[in-house]
Structure formats: C-alpha cells, structure tokens
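**Student:** Mapping to the numbering used here: the sequence shown position 85 is 110, numbers consecutive. Beta carbons: idealized from backbone N, C-alpha and C, even for Gly.
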Amino acid sequence: RDPATKGETGRLLPDAWRGLAYVARNRTLRALALAVSTSNLGWGMFFLALPVLVLQRFGRGPEFVGLLFALLGISGSVAVLLMGRVSTRGRERQWLALAMLGEAAAIAIVMLYPDPLIVALAMLALGIATGPFDIVLFTLRQRRTDPAWLGRAFAVSMALNFVGFPIGSAIAGAVVPISIPLVLLAAVTCETLGAVFAFVGVPGEDALA
Numbered sequence: 026r027d028p029a030t031k032g033e034t035g036r037l038l039p040d041a042w043r044g045l046a047y048v049a050r051n052r053t054l055r056a057l058a059l060a061v062s063t064s065n066l067g068w069g070m071f072f073l074a075l076p077v078l079v080l081q082r083f084g085r086g087p088e089f090v091g092l093l094f095a096l097l098g099i100s101g102s103v104a105v106l107l108m109g110r111v112s113t114r115g116r117e118r119q120w121l122a123l124a125m126l127g128e129a130a131a132i133a134i135v136m137l138y139p140d141p142l143i144v145a146l147a148m149l150a151l152g153i154a155t156g157p158f159d160i161v162l163f164t165l166r167q168r169r170t171d172p173a174w175l176g177r178a179f180a181v182s183m184a185l186n187f188v189g190f191p192i193g194s195a196i197a198g199a200v201v202p203i204s205i206p207l208v209l210l211a212a213v214t215c216e217t218l219g220a221v222f223a224f225v226g227v228p229g230e231d232a233l234a
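Next comes the structure, spelled out in structure tokens:
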C-alpha cells in the first residue's frame, strides 16, 4: 500500500486530529512548532512596522516599501540557492538558531539606525539569514517525519509554524501607533527566543539514535 495513504480514514476532521496528535508526539515537530511560531511572531510584527516606519518616519511612498521587500526576496532567493549546496545534517538546530539570530540582528539594525539606506542594507541581510532557515526547516521536517504521515503532519506542522505571524501582526497593529521602536524591539526579542527554543528543543541526531 502507498505509505502516503497509510492510516488515513478519508475523513477530514479525524485525519486532521490524528495529524495533530502525531505532531504533538514527535519531538522534532513539536520543538519546531514552538521555535518557528515564536520567530514568526517577530516576522508578523516587523512586516507591519516596516511600512509604517517608511511612510511616517522616512516620508517615502509605497514604492519604497515595495523596493525594500524586493531586496528581501532577492537576497533570500540567492541565499536559498547557495545554501542548498551545503550539508546541514547533524547541525540543523545550530543552523536554525544562527539563522534566527541573524534575523534578529537585521531587525535590530532597523530599530537602532532608522535610515533609508541602512534599512535597505538590513533587508538584504535579513534575506540572507532566511536562506539557512528555510533550507534547514524543510529538510529537517521531512527527515524527521514518518513517510506515512508526510501529508497530514506537514499540513499541521506548517499551520502551527505560521500561526505566530497573524498574531504578531495583530499585536503590532495595536502598538505601532504608540511606538514603532517598541514593536521592533519585541520582534527582535521573539526572534531571539525562537533561536533559543530551536537550539534547546530540537533533538540532535544522537538523541534520536
């Protein structure tokens, strides 16, 4: 039988529940859910605070906001292509933590030096930091998941990982009118906590042996 369909009931809610239970039992997926959702809290805050910073503090238009996110996407794409050639097996939690700390550092630069040119350079650095993060996250999740559970476990795991983003944006929406630097500081804190959770929580290869 196709391992991808093993144990499926054919009903959405029971299969979703079983996928959630599998993620809860899997040490790696459980740790990733905590670490990445915490990191995404910071991303959600930053993605809302940055346009406000550009429009209000810099006095630039929406085209400059688009340019900044384009820089993020370009550098991130290049970083992913380069990182795909690097073996991270056995060092996943170190790479994840390092990537999140790199993201925290880039956001901290935006917070400390709110200048258009420096922010543009920080966005390039932020994109570079996402390269190791994306590669390690997806390869680690695939290798630590039973093939019979790939579809359901991936769906649940990705949903849990992303849940922090809208929550972070909602928090930022309430705080940005009060203080943009405070939102950026909170984003840096979330990224740093995510790095700690990844390094401490994701089990190494020896722990699974």
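Which residues in the same chain as ALA13 place their Cβ atom closer than 6 Å to its Cβ, once the five residues preceding and following it in sequence are excluded?
**Tutor:** Shown here, the chain extends from 26 to 234; a query on residue 13 therefore has no answer.
**Student:** Using the rule of at least 16 other Cβ atoms within 10 Å of the residue's Cβ for burial, across every protein chain shown, is TYR47 buried or exposed?
**Tutor:** Looking up residue 47 in the sequence shown gives position 22. So TYR47 ends up on the buried side.
**Student:** Would you mind giving the Cβ-Cβ distance between ALA41 and VAL227, rounded to the nearest angstrom? I have them listed as a contact below 8 Å.
**Tutor:** Residue mapping note: residue 41 aligns to position 16 of the sequence shown, counting from 1. Residue mapping note: residue 227 aligns to position 202 of the sequence shown, counting from 1. Going by Cβ atoms, the distance from ALA41 to VAL227 rounds to 24 Å, so no, they are not a contact pair.
**Student:** Taking only the alpha-carbon atoms, compute the straight-line gap between LEU80 and VAL105 and give it to the nearest angstrom.
**Tutor:** Along the sequence shown, read from residue 1 onward, the residue named residue 80 stands at position 55. Along the sequence shown, read from residue 1 onward, the residue named residue 105 stands at position 80. Their Cα atoms are separated by approximately 30 Å.
**Student:** Note the first and the last residue of the continuous alpha helix (DSSP H) segment covering TRP68.
**Tutor:** Position 43 of the sequence shown, counted from the start, is the residue given in the question as residue 68. 52 to 77 is the extent of the alpha helix (DSSP H) around TRP68.
**Student:** Can you grab the Cα-Cα spacing for the pair ILE192 / LEU66, in whole Å?
**Tutor:** Taking the first residue of the sequence shown as 1, we reach residue 192 at position 167. Taking the first residue of the sequence shown as 1, we reach residue 66 at position 41. Taking the straight line from one Cα to the other gives about 6 Å.
**Student:** Report all residues from its chain with a CB closer than 6 Å to the CB of VAL161; omit the five preceding and five following residues, and keep chain order.
**Tutor:** Numbered from 1 along the sequence shown, position 136 holds the residue referred to as residue 161. The residues are THR113, GLU117, TRP120, LEU121.
**Student:** At which residues does the alpha helix (DSSP H) containing ILE203 begin and terminate?
**Tutor:** Counting from one through the sequence shown, the residue named residue 203 turns up at place 178. From DSSP, ILE203 is part of no alpha helix (DSSP H); its letter is neither H nor E.
**Student:** What is the DSSP secondary structure of PRO228, reduced to helix, strand or coil?
**Tutor:** Stepping through the sequence shown from its first residue, residue 228 is reached at position 203. Coil at PRO228, not helix or strand.
**Student:** Give the secondary structure of TYR138 by DSSP, where H, G and I count as helix, E and B as strand, and everything else as coil.
**Tutor:** Here residue 138 refers to the residue found at position 113 of the sequence shown. TYR138 falls in the coil class under three-state DSSP.
**Student:** Apart from the five residues on each side of it in sequence, which residues of its chain come closer than 6 Å, Cβ to Cβ, to GLY127?
**Tutor:** Numbered from 1 along the sequence shown, position 102 holds the residue referred to as residue 127. Excluding residues within five positions, the ones whose Cβ falls inside 6 Å are ALA154.
**Student:** Select from LEU107, ALA58, PRO76, LEU151 the residue whose C-alpha is nearest the C-alpha of GLY98.
**Tutor:** By 1-based counting over the sequence shown, the position of residue 98 is 73. Looking at the Cα atoms, LEU151 is the closest of the given residues.
**Student:** In terms of alpha-carbon separation, which member of LEU123, TYR138, ILE203, GLY156 lies closest to THR217?
**Tutor:** Position 192 of the sequence shown holds residue 217. Of LEU123, TYR138, ILE203, GLY156, the residue nearest in Cα terms is LEU123.
**Student:** For the 8 Å Cβ check, are there 3 or more pairs between the region 188 to 205 and the region 70 to 77?
**Tutor:** With the cut-off at 8 Å, the region 188 to 205 and the region 70 to 77 touch.
**Student:** Should LEU37 be labelled buried (16 or more other beta-carbon atoms within 10 Å of its own) or exposed?
**Tutor:** Reading the sequence shown from its first residue, position 12 is the one you call residue 37. So LEU37 counts as exposed.
**Student:** Any beta carbon from chain B within less than 8 Å of TRP42's own beta carbon?
**Tutor:** Absent here is chain B; the protein component of the structure consists of one chain.
**Student:** Helix, strand or coil for GLY156 per DSSP?
**Tutor:** Locating residue 156 in the sequence shown gives position 131, counting from the first residue. Helix.
**Student:** Compare the C-alpha of PHE71 against each of PRO87, ILE143, ALA197, LEU59 and name the closest.
**Tutor:** Translated into the one-based positions of the sequence shown, residue 71 becomes position 46. Taking only the C-alpha atoms, the option nearest PHE71 is ALA197.
**Student:** Go ahead and label SER62 buried or exposed: buried means 16 or more other beta carbons lie within 10 angstroms of its beta carbon, across all protein chains shown.
**Tutor:** Walking along the sequence shown from the start, residue 62 turns up at place 37. With 16 or more other Cβ atoms within 10 Å, it is buried.
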